[in-house]
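Asker: Quick one: this structure, given as structure tokens, is what I'll be asking you about.
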Amino acid sequence: MCGCQVRIQKEKSMTNQPYSIVIVSSEFSPFAKTGGLGDMVAALAAGFRRKGHDVRVALPLYRQIRESPIELDTALPSMCVTMGIGEVWCAVRDAVTSEKIPLYFIEHEDFFHRTGFYHDHMNVLSKWLFNLRHSRDDPLQVHSAS
56 MCGCQVRIQK EKSMTNQPYS IVIVSSEFSP FAKTGGLGDM VAALAAGFRR KGHDVRVALP
116 LYRQIRESPI ELDTALPSMC VTMGIGEVWC AVRDAVTSEK IPLYFIEHED FFHRTGFYHD
176 HMNVLSKWLF NLRHSRDDPL QVHSAS
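Listed below in structure tokens is the structure:
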């Protein structure tokens, strides 16, 4: 990891229960990492987990991940994502980290089965809109760096 430290207050929801948190990211170390984002997302998820929250991470199933030795199960063999261009179908694979953080890998050949994470796809905007849309149902709060 990058040596990132995450401080999270021990807050509970209004019902005094742990939060259910889904982090949607383009990177999660060590599976997908080009800079510090993957390390930061992994540290943030681990910090939430240590505080007792139910945290899960969704990220693209890049070719590099698919070709790695990680064991992936099929969470959803088929899922429809509605976008401006119409319906886009994908699958969801899952795994669990050594810290017991569930990971959901979004599988879509045209968007994510490429040699690089960011710079080798002609329609980068559609690719990242898809990455956000597949997890859009009823979020409590969404944070994004522009």
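The sequence shown runs 56 to 201 under the working numbering. All residues carry an ideal CB built from backbone N, CA and C; glycine is no exception.
Which of the three DSSP states, helix, strand or coil, is assigned to PHE83?
Answerer: Strand, per DSSP.
Asker: Mind checking which residues open and close the beta strand (DSSP E) that includes ASP120?
Answerer: According to the sequence provided, residue 120 is Ile. The question's Asp does not apply to it. Careful: ILE120 lies outside any beta strand (DSSP E), inside the alpha helix (DSSP H) at 118-121.
Asker: Kindly indicate which residue of ILE140, GLU126 and TRP144 has the alpha-carbon position closest to the one of SER133.
Answerer: Closest option to SER133, Cα to Cα, is TRP144.
Asker: Going by CA-CA distance only, name the one from HIS108, LEU127, GLY90 and ILE120 that's closest to ILE76.
Answerer: Measuring from the Cα of ILE76, the nearest candidate turns out to be HIS108.
Asker: Give the single residue among VAL136, GLU162 and PRO157 whose Cα lies nearest to the Cα of ALA146.
Answerer: Here the closest residue by C-alpha is GLU162.
Asker: Does the Cβ of HIS198 have 16 or more other Cβ atoms within 10 Å, making it buried, or fewer, making it exposed?
Answerer: Caution is warranted here: a pLDDT of 44 is assigned to HIS198, below 50, making its placement in the model unreliable, and the coordinate value is therefore given only provisionally. HIS198 should be labelled exposed.
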